[in-house]
Structures are given as C-alpha cells and as structure tokens.
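Protein chains: 2
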Amino acid sequence: MAAGAAGRNGPLLGAGSVLRLIRDGEATTRAALARRTGLARSTVAQRVDALLAHELVYEAGGEASTGGRPATVLAFNHRAGVVLVADLGATHSRLAISDLAGTPLAEVAFDMDIADGPEPVLANIGERFEALLEEAGRSASEVRGIGVGVPGPVDFPAGRPVNPPIMPGWDGFSIPQWFGRTYDAPVLVDNDVNIMALGEHWAHWRELDHLLYVKVGTGIGSGIVSGRGIHRGAHGAAGDIGHIRVSDHDDAICRCGNLGCLEAVAGGRALALRLSAAGIEAAGSREVVELVRAGRPEAILMVREAGRVLGDVLAGCVNFFNPAAIVVGGDIAEAQDHLLAGVREAVFQRSLPLATRDLTIANSRLGDRAGVVGAAIMVIDHVLSPEAVDRAVQGDATAA
Amino acid sequence: MAAGAAGRNGPLLGAGSVLRLIRDGEATTRAALARRTGLARSTVAQRVDALLAHELVYEAGGEASTGGRPATVLAFNHRAGVVLVADLGATHSRLAISDLAGTPLAEVAFDMDIADGPEPVLANIGERFEALLEEAGRSASEVRGIGVGVPGPVDFPAGRPVNPPIMPGWDGFSIPQWFGRTYDAPVLVDNDVNIMALGEHWAHWRELDHLLYVKVGTGIGSGIVSGRGIHRGAHGAAGDIGHIRVSDHDDAICRCGNLGCLEAVAGGRALALRLSAAGIEAAGSREVVELVRAGRPEAILMVREAGRVLGDVLAGCVNFFNPAAIVVGGDIAEAQDHLLAGVREAVFQRSLPLATRDLTIANSRLGDRAGVVGAAIMVIDHVLSPEAVDRAVQGDATAA
Chain C
10 MAAGAAGRNG
20 PLLGAGSVLR
30 LIRDGEATTR
40 AALARRTGLA
50 RSTVAQRVDA
60 LLAHELVYEA
70 GGEASTGGRP
80 ATVLAFNHRA
90 GVVLVADLGA
100 THSRLAISDL
110 AGTPLAEVAF
120 DMDIADGPEP
130 VLANIGERFE
140 ALLEEAGRSA
150 SEVRGIGVGV
160 PGPVDFPAGR
170 PVNPPIMPGW
180 DGFSIPQWFG
190 RTYDAPVLVD
200 NDVNIMALGE
210 HWAHWRELDH
220 LLYVKVGTGI
230 GSGIVSGRGI
240 HRGAHGAAGD
250 IGHIRVSDHD
260 DAICRCGNLG
270 CLEAVAGGRA
280 LALRLSAAGI
290 EAAGSREVVE
300 LVRAGRPEAI
310 LMVREAGRVL
320 GDVLAGCVNF
330 FNPAAIVVGG
340 DIAEAQDHLL
350 AGVREAVFQR
360 SLPLATRDLT
370 IANSRLGDRA
380 GVVGAAIMVI
390 DHVLSPEAVD
400 RAVQGDATAA
Chain E
10 MAAGAAGRNG
20 PLLGAGSVLR
30 LIRDGEATTR
40 AALARRTGLA
50 RSTVAQRVDA
60 LLAHELVYEA
70 GGEASTGGRP
80 ATVLAFNHRA
90 GVVLVADLGA
100 THSRLAISDL
110 AGTPLAEVAF
120 DMDIADGPEP
130 VLANIGERFE
140 ALLEEAGRSA
150 SEVRGIGVGV
160 PGPVDFPAGR
170 PVNPPIMPGW
180 DGFSIPQWFG
190 RTYDAPVLVD
200 NDVNIMALGE
210 HWAHWRELDH
220 LLYVKVGTGI
230 GSGIVSGRGI
240 HRGAHGAAGD
250 IGHIRVSDHD
260 DAICRCGNLG
270 CLEAVAGGRA
280 LALRLSAAGI
290 EAAGSREVVE
300 LVRAGRPEAI
310 LMVREAGRVL
320 GDVLAGCVNF
330 FNPAAIVVGG
340 DIAEAQDHLL
350 AGVREAVFQR
360 SLPLATRDLT
370 IANSRLGDRA
380 GVVGAAIMVI
390 DHVLSPEAVD
400 RAVQGDATAA
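In the order they appear, the protein sequences are chains C and E. Using the working numbering, the letters of the first sequence correspond one by one to residues 10 to 409. Using the working numbering, the letters of the second sequence correspond one by one to residues 10 to 409.
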C-alpha cells in the first residue's frame, strides 16, 4: 500500500536516518553526513533543514576545519518533546515523564488495584499523566509517545493484554485506543518484565548483547534482551519462566493449573503461604522480605532455597540462551543477597562451563524504577526511529 | 581505525546496499534505485557500474516505462561465484558446492572420523572440495566463501572449536587459517546444529521469525533462529539443551560430569545402552532406529518415552523463548513418528496456552541435508552483505 512518500516506500536515507547519525554522534556536520551517507550535499542540506524546522536538531556551534570557515556542528534536541510512561503492577504503579534522551523530568509512585479493570485504572493514570505534565511545565501537545507496562502477556503490535491471569477485565482491551482519545501520539504496551529488562540493560549493561532479567515478586517472570532488543517471541509470551516445571516439587499446585511450576515453589506468594503454614504469618512477598530483614532463620532458609530452585531453572535458560548477564529484581531479590546466593549456587553447578565462563549474576540496580526507565527507552526508540521521523517530518500523521 | 574508503567508515549506501535492493527485488532499475535510496542518479549509476564490472549484476532486459525509452532491468548474477560447505559429523560428513542463490551444484556424503584430528580430517575435506569444484566445472578462484559446521561449540568470530567434547585435538584450532592456505575467501565456522537450524528455516519456514531446531542423534542439541538469524549467545554456547536437567532421572550419569542431563536420558547413545542392558543389542543411535523400524516394542516404547522427556525440556524452552515452530531432526527423529508423538504430548501438556496457541511441532524436511543447505546460506549472507560487497568492489581485500 502506498503510505505516502515517506514510510516503507520512502527513501532509505531520509531525514530520520540523518537524525540517527546526528543522535549517535556518528556524523554531526553537513559535510560529514554527506560523506557517511553517500547522499549529495544538496540532499543532506534538505534533510537537515527539515530536522531544524521540526526542532529535532539545533545548530550547536562551529567546529574548526582546515582552511575554510568553521563547519556548523548539529546536535539532537532532546527537549523537542516528552514521553509519558506507566509501569502498572498488581497493586502498585509508577509513572514518569521524561525528555527524548530518557532523562526523567518527574515521577510518581502510588498504590492502586489493577483488578479494578481498565477504565477506572486508566482514568486514574490519565489524571496523573496530566499532573506530571503540569509539574514538568510541558503541554499535552508536546507528548511524542506513551509507554505502558502491564503485569501480564501482551499482544505487542496491538497493545492489548492477552488472557492476563491477574488482570480481570483487561483481556483484549485496547490501551492505545484509550489514550488515543487524549493524545495524538503512538502508544506502546508491553509486559512489565520486558520493560524492566530494557531499562536495566539501557542503564547499566548497554555494552552486552544478550541479557536475562528475572523478576521475583509475588510471581516469577523474565525479560529477554537478545541482540540488544527485547525478544518477545511469536506471541509476546517469551520469558514466562514462572511456569517451567521444577524437579521434585509435584506437590505444588500452580494457579495456571499445572503441578510443580517454578512460581508455585519459589514465588513470593508461595513462600508466604509456606511460612504461614509453619505458623509464621506472612500475607505476601513484602512480608517475606520483612521477615528476612528481621533475621528470621525460617524465612532466610526459605528464600535461599527458593534461589536454588530458581537457579536450577535458570541453569537451563543459560544452557539454552547463553546470556552474558542475569539480573535479578523484584521484592524477593531485595531481601539482601540470600536469593542471589542460591541462584548462583545452582547456576554455576548445573550450567555448562562455556556458558558460564564470563556469566555475571547480579541484583537489579534500578530497583522498582527499572520499568519506567525501560518504557521511556522503548517509546523514544520508536518515535525516533527513521521511519517515524520521516513520517513526522513529512507531516504525514495519518500513516502512523 | 581507518579501514579504507569502504568498510565501517564507508558510505551507508554503497554498492553493497544497492546490490541488496536488486537481489531482494525491491528496486531493479537505476531510476527505482535512485528513488528508493535518495541517492543522486549519477551516484546510483556509479554504484551499478561497479557491480556490473564485478559481474555481480547483469542487465536483464528492458521494462516498459511511460513515455520514454524502456528502463533497463538489473538482476543479481547468482553465477558470479560459488561457495564450498562442509557439515562435519562425528563419523559422517556431507560436503556441497552451491551457487550464490544457494542452489547446490554438487554434493558428496561419506564416512570419516572427526576424532582423527583437524589436520587429517581437513586434508580429506580439502581434496573433496577440489573434486566438487571439478565436478561443477568451476575453479578455485571462483570460490567466494567457505562454510563449515562442526559437532561442538565454536567461537564463531574466530572460527575455532572451544572445548569440543567429541573432537579431540580440535580445541582452539583455526579452521579459517587452514583453508586460508588454499582459498582467498572468508571461512565461517559454526556449530552443526546452528547451520541445520538455518537450513531448515531458509528452506521451509522462511516466513517465521522464531524457530527452534532440535537434533536428536547420539547426543541432543538445538539451534535457535531468533528474528530470522541464528542466536549464538554470549559465547556461541546457545542452544545446548542436551545438558539441561530433567526430572526424576538423577541416576543417569552424563559425559559432562553432571547427573540427570537430558542427553544422558534421551540421547541415542543412552537409548542404545539401555536397550543393550535389557539384552537387545544396539551399538548406537542408528541401531536404535533400525530396531524401531523393525517394530521391536521395547525400542518403540523407549523412543516414545525419550520424546516425552525431551518434550518436558522443550516445554520449558517454549515458555522461555516462545518460538513459532519446533523442528526435530537427527537419527532418532527419523525413527517414524514415535519421538515426535512423545514431544508433542509433553509440550502441549506443560507449556502455557499462549505460547502453544499456534505452535507447530514438525519433523525436519531436509533431513541430513539441512547442514549443507544452512552452511551455504550462512556464507552467502556473509559474502553478499553490503560491507563485504563494498570491500570487494573497492578491491580492498586486506580489510576483510
């Protein structure tokens, strides 16, 4: 289909590709851009003019050049817009507004119940987005994109949750359509652990090609960074390690309807239930963490053993996927280093030497901010992709 | 580092990118190439002239154009060279010569022992490569690239096996350097199951983004196609599922030094040992297959149960990686559909509904030709990559 001059049928090196070269610092003068692209000087000048007109770049000053007047250095204008992001959890959420470099301008975290269903939850998010815009002194017209993480599987291209077990009422709900009422900007929706993986990778492990992020909270899930991007799999279901079967635990009944799932043995809810059954009251994963911090040996033993069981599953993932690093986050991981110790023990015992030769196993460093950081990066990468910039610069908003 | 005019610092849209557009049929006239790339007509003409001079494209005839003389249609010349490939097994190998479209021109399969070590094995391969060239009526100077698959882990960028358990003497041996004595062409070396995965994907599943190829022969391994390319992982160890621990088999001692590995329970060698222990003589995986084909119930039962155990591990891989298809090859898979039946049973029982919604589980269709097909595709993709073509066209052979 003819999607206008830009888009899929547009030139391979449009204004968007030129912006990418400037943003990455690969070529920052008109002359360097012409050399790097092979485009004629006049074509480069046109592309740069379009980017200047849209305030996506600015002239940052002169560069000394041999035997002539100084060439003007071009720089990416990361203030050319903002993105709004939301990391929705089962009972707790975090929102942020950031500029186009991923720098947060304002954030807010609060309790809410995802089980209230999409309309009330998103109305709440919408109001808080407005408050964040006001706090940052920006307007709705400056919003270039919106990113949302949800605690369940997502049909990524459509932005709809798919049979999410802990999100009643959300199955098939179009989150992009909902925000489309208020904002004229693309809306990307992904599983929460995927955006956490992206955030952690971008903030602290950017030089690695392959990384596995594991979240151990009430449940257990993982996000896979493969070739520096998120691997979502054929149906957006990739990374769902919580329902991999573990050895010797066929007595554990999982909410998915199977026996012996990792989550039913080593997830925060399972640990809390087992502690409660042993007479030590724990309502959920946070109480387990408190017990560990308080030095209760039963809780410490249990978290350490959960780490071993998780490590047994991760040993398989290491053999299969051979990541350069495993980063562990979520409530239970924050219970000092007991979980990580168990994970390391099992992974290094069970994985092949070649796969663990330089394997790093570390705690999350962004903690509960990983989701909003990753969601911002996901949206910025999308709205600054060459195709999206070409469309924006051509004013062909309908092709989005 | 300045790697010459072409290479990393060369123009983004050099002759190699133009060739890719012609090869993919995206733009096949000089005018269409100018539109698609944004390059000036004169620049496109230069690029095309260079490709014509190197016989990588030819003028295929005229295309009716409105109100002018017909535009000349350009086509990729897949006869512009050949690639030589070898799929080395433990005791059996297959070699092929193919053109640059991946079409085989000649093939040969023969028994040999990889444990003889690199020098004698590669001398044998070298002689047979010469015979294949002669059979196809091509000369050594026409060889554009060489691809080799080996039954063990490989440091892919270096082309060296890394601690390969069944390849004594090969650890760290530079296969590219060996062939470099005879051929002035890049040599790519990969794990054999990776090239099989690539071959099967290219030949029969090209429309799928994510595929898992599993080989069940003497041992068990897998090759991962992620985003239509091979996922090799941080150290080229990805896909090594043979040493993932399976439930309830801690009595099985594996050659890797661990207990309960998948390969030690469900690999062809393990099945042969167990049949022999039960008084039914079987020297290896091929004899197991013969017993199954002969209808021996003990062997059928064992292969079916091996399928279930394999399926249990693959269920975890499906949850983790969410492929669109699993393709099963290797000797044991060829023992009618008993292995596949067991695999399907376990995967569909244990994997999450979303991940198995459209999951296809099928036998290999290329059989023991998968390796040479995949090796040819791997090498062709490499030698026709835009960077490699830019270098070739610039005559900058030293930058390879």
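Glycine is no exception: its CB is placed at the ideal position from the N, C-alpha and C atoms. Remember, predicted model here, so these are calculated numbers, not experimental data.
Kindly give me the distance between the Cβ atoms of residue i and residue j, rounded to whole angstroms, as I take these residues to be in contact under 8 Å.
i: residue 374/E; j: residue 351/E; result: No, residue 374/E and residue 351/E are not in contact; Cβ-Cβ is about 20 Å, not under 8 Å.
i: residue 42/E; j: residue 36/E; result: 5 Å
i: residue 212/C; j: residue 154/C; result: That pair is no contact at about 19 Å.
i: residue 424/C; j: residue 234/C; result: Here chain C comprises residues numbered 10 to 409, so residue 424/C is not present and cannot be evaluated.
i: residue 83/C; j: residue 69/C; result: 7 Å
i: residue 38/E; j: residue 80/E; result: 4 Å
i: residue 177/E; j: residue 98/E; result: Wrong, their Cβ atoms sit about 15 Å apart, outside the cutoff.
Looking at the C-beta of residue i, does it have a partner C-beta in chain C at a distance below 7 Å?
i: residue 295/E; result: no
i: residue 244/E; result: yes
i: residue 180/E; result: no
i: residue 325/E; result: yes
i: residue 317/E; result: no
i: residue 49/E; result: yes
i: residue 129/E; result: no
i: residue 366/E; result: yes
i: residue 150/E; result: no
i: residue 183/E; result: no
If I measure Cβ to Cβ from residue i and keep anything under 6 Å in the same chain, skipping five residues before and after, which residues do I get?
i: residue 156/C; result: 94, 197, 384, 387 and 388
i: residue 258/E; result: 269 and 274
i: residue 229/E; result: 251, 271, 272 and 276
i: residue 253/C; result: 271 and 322
i: residue 331/C; result: 364
i: residue 106/E; result: 91, 93, 114, 115, 141 and 145
Under a Cβ-count criterion, where at least 16 other Cβ atoms within 10 Å of its own Cβ denotes burial, should residue i be classed as buried or exposed?
i: residue 262/E; result: exposed
i: residue 310/E; result: exposed
i: residue 26/C; result: buried
i: residue 108/E; result: buried
i: residue 5/C; result: Residue 5/C is absent from the structure shown; chain C starts at 10 and stops at 409.
i: residue 304/C; result: exposed
i: residue 144/E; result: exposed
i: residue 412/C; result: The question about residue 412/C has no answer, for chain C in this structure spans 10 to 409.
i: residue 285/C; result: exposed
i: residue 174/E; result: exposed
i: residue 110/E; result: exposed
i: residue 166/E; result: exposed
Less than 8 Å between C-beta atoms, sequence neighbours within five positions excluded: which residues of the same chain meet that for residue i?
i: residue 287/C; result: 307
i: residue 244/C; result: 162, 164 and 171
i: residue 324/C; result: 355, 356, 358, 359 and 360
i: residue 28/E; result: 60, 65, 66, 85, 393, 395 and 398
i: residue 391/E; result: 154, 195, 197 and 397
i: residue 313/C; result: 347, 348, 350 and 351
i: residue 293/C; result: 227, 277, 278 and 281
So, does the CB of residue i fall closer than 7 Å to a CB anywhere in chain E?
i: residue 264/C; result: no
i: residue 373/C; result: no
i: residue 331/C; result: yes
i: residue 411/C; result: Given a span of 10 to 409 for chain C in the structure shown, any question on residue 411/C remains unanswerable.
i: residue 361/C; result: yes
i: residue 254/C; result: yes
In chain order, what residues of the same chain lie with their CB nearer than 7 Å to the CB of residue i, ignoring the 5 residues before and after it?
i: residue 380/E; result: 96, 103, 158, 201, 204, 205 and 208
i: residue 122/E; result: 100
i: residue 377/E; result: 103
i: residue 134/E; result: 95 and 104
i: residue 298/E; result: 340, 341, 343 and 344
i: residue 301/E; result: 308, 309, 312, 344, 345 and 347
i: residue 119/E; result: 102
Inset, instruction - Evaluate contact between the segment 363-378 of chain E and the segment 246-255 of chain E, counting only Cβ atoms and requiring at least three cross-stretch pairs below 8 Å. - result: They do not touch, by the three-pair rule.
Legend entry - contact_flag[the segment 326-345 of chain C, the segment 143-152 of chain E] where n(CB pairs < 8 Å) is 3 or more: no
Inset, instruction - Inspect the CB distances between the segment 185-196 of chain E and the segment 211-228 of chain E and report whether three or more fall short of 8 Å. - result: Contact annotation: the segment 185-196 of chain E does not touch the segment 211-228 of chain E, with fewer than three C-beta pairs closer than 8 Å.
Inset, instruction - Take every Cβ of the segment 315-333 of chain E, pair it with every Cβ of the segment 262-279 of chain E, and state whether three or more of those distances are shorter than 8 Å. - result: Contact holds: three or more Cβ-Cβ distances are below 8 Å.
Legend entry - the segment 202-210 of chain C in contact with the segment 236-243 of chain C per 3-pair CB rule at 8 Å: yes
Legend entry - Stretch-stretch touch, CB-based, cutoff 8 Å, three pairs: the segment 19-32 of chain E with the segment 43-62 of chain E: Segments in contact, yes.
Inset, instruction - Could you tell me whether the segment 113-132 of chain C touches the segment 58-67 of chain C, where touching means 3 or more Cβ pairs closer than 8 Å? - result: no
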